[in-house]
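Engineer: Have a look at this one before I ask anything.
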Amino acid sequence: MKFTLNWLREYIDTDLEPARIADHLTMLGLEVDACVPCYPELNGVVVARIEAVFPHPNADKLVLCDVNAGQGLTRVVCGAPNARAGLVTPLALPGAVLPGGFTIKPAKIRGEESCGMLCSAKELGIAEDQAGIMELAADLQPGVALSQALGLVDTMIEVDLTPNRPDCASVLGIAREVGGVIGKRIKPPVDTPPALSDENLPFSVEVEAVADCPRYAARLVRKVKIGPSPWWLRQRLLAVG
């Protein structure tokens, strides 16, 4: 069972450090296998704004980007089709280690100096989209750590559940255990929707074999949207692997 500290805090008000929560879970008889920061590969990745774009003199599919990362302009060679002036995007600085162990170093690309790398969400391990470099909100401040700007500063805790503790196979279940130890009440995850009466249902349910099926429950769900999961949900699932 994996969850993050921020996820847990949506169900229970606590400012306990991750290690302290792990200790409480251990005392409750739950074996904690891991308690580690999320997205360690984002160290050295900052918010940057492309100030100007120029053609690469030696490559048709590359451009030269003058990038503002909070401390003057940095020249970066980029091949993404959406690189343009004014775009706010992640910049991996020299020394950053991206997923897969790829270390960013100053380099010459087709004869032009490049001091860093403008990154897609997939290259950073925070989404599967690789249509181009990641497009961030225009009001983000250049130079701010990307993990801070996107609210990704978090800790992942993994608990090895035994078959007799299925009640802890959810974040709500873990929150209930922690709340019992620290004396905090659980916050309801969602508001309970009002039940529909028989009069305003567009269908009816009739049990014809009462002896075999003494009770049948039906629920009407409207306005179901089929599409990509929202960012907050994708981020949580990626954070716990």
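According to the numbering used here, the stretch in the sequence shown is residues 13 to 253, in order.
Idealized CB from N, CA, C, for every residue including glycine.
Since we're looking at a predicted model, the values are computed, not measured.
Measuring alpha carbon to alpha carbon, tell me which residue in Y228, R227 and T86 is nearest P118.
Structural biologist: Here the closest residue by C-alpha is T86.
Engineer: Can you give me the Cβ contacts of G123 inside the same chain, cut-off strictly under 7 angstroms, excluding the 5 residues immediately before and after it?
Structural biologist: Same-chain partners within the cutoff: N70.
Engineer: With DSSP as the reference, label K120 as helix, strand or coil.
Structural biologist: If DSSP states are grouped into helix, strand and coil, K120 belongs with the strands.
Engineer: Which of the three DSSP states, helix, strand or coil, is assigned to R87?
Structural biologist: If DSSP states are grouped into helix, strand and coil, R87 belongs with the strands.
Engineer: Can you round the beta-carbon distance between L105 and G137 to whole angstroms, since I take them to be within the 8 angstroms contact cut?
Structural biologist: In fact, because the Cβ distance is near 17 angstroms, the residues do not count as touching under 8 angstroms.
Engineer: Would you say the stretch 59-67 touches the stretch 25-33, given that touching needs at least three Cβ pairs under 8 angstroms?
Structural biologist: At 8 angstroms Cβ cutoff, the stretches do not touch.
Engineer: Suppose the cutoff is 6 angstroms on Cβ atoms and the five residues either side in sequence are ignored; what does the same chain contact list for G144 look like?
Structural biologist: These residues qualify, in order along the chain: A92, P93 and N94.
Engineer: Counting only the same chain and skipping the five closest in sequence on each side, list residues whose C-beta sits under 8 angstroms from that of V75.
Structural biologist: Contacts found: V65, F66, P67, H68, V89, C90, G91 and A95.
Engineer: What are the boundary residues of the alpha helix (DSSP H) that T38 is part of?
Structural biologist: T38 -> alpha helix (DSSP H) spans P30 to M39.
Engineer: Return the first residue and the last residue of the beta strand (DSSP E) that E63 is part of.
Structural biologist: Taken as a continuous stretch (DSSP letters only), the beta strand (DSSP E) holding E63 covers V57 to P67.
Engineer: Looking at the secondary structure, which residues open and close the beta strand (DSSP E) in which I1 lies?
Structural biologist: Because the chain is modelled from 13 through 253, residue 1 falls outside the range shown and cannot be assessed.
Engineer: List the residues that DSSP assigns as beta-bridge partners of K14.
Structural biologist: According to DSSP, K14 bridges with E170.
Engineer: Can you find at least 3 beta carbon pairs, one from the stretch 15-25 and one from the stretch 34-42, that sit closer than 8 angstroms?
Structural biologist: Touching, no, given that fewer than three Cβ pairs across the two stretches are closer than 8 angstroms.
Engineer: From the DSSP output, which residues share a beta bridge with M129?
Structural biologist: Note: M129 sits in a beta bridge opposite A104.
Engineer: Note the first and the last residue of the continuous alpha helix (DSSP H) segment covering A251.
Structural biologist: That run of the alpha helix (DSSP H) goes W243 to A251.
Engineer: Leaving aside the five residues before and after G191 along the sequence, list all residues of the same chain whose C-beta is less than 7 angstroms from its C-beta, in chain order.
Structural biologist: Correct list, in chain order: I24, R197 and I198.
Engineer: Just tell me which of P214, L42, G163 and A139 has its CA closest to the CA of L232.
Structural biologist: For L232, the nearest C-alpha among the options comes from P214.
Engineer: Should M129 go down as buried or exposed, given a rule of 16 or more other Cβ atoms within 10 Å for buried?
Structural biologist: By the neighbour-count rule (16 or more Cβ atoms within 10 Å), M129 is buried.
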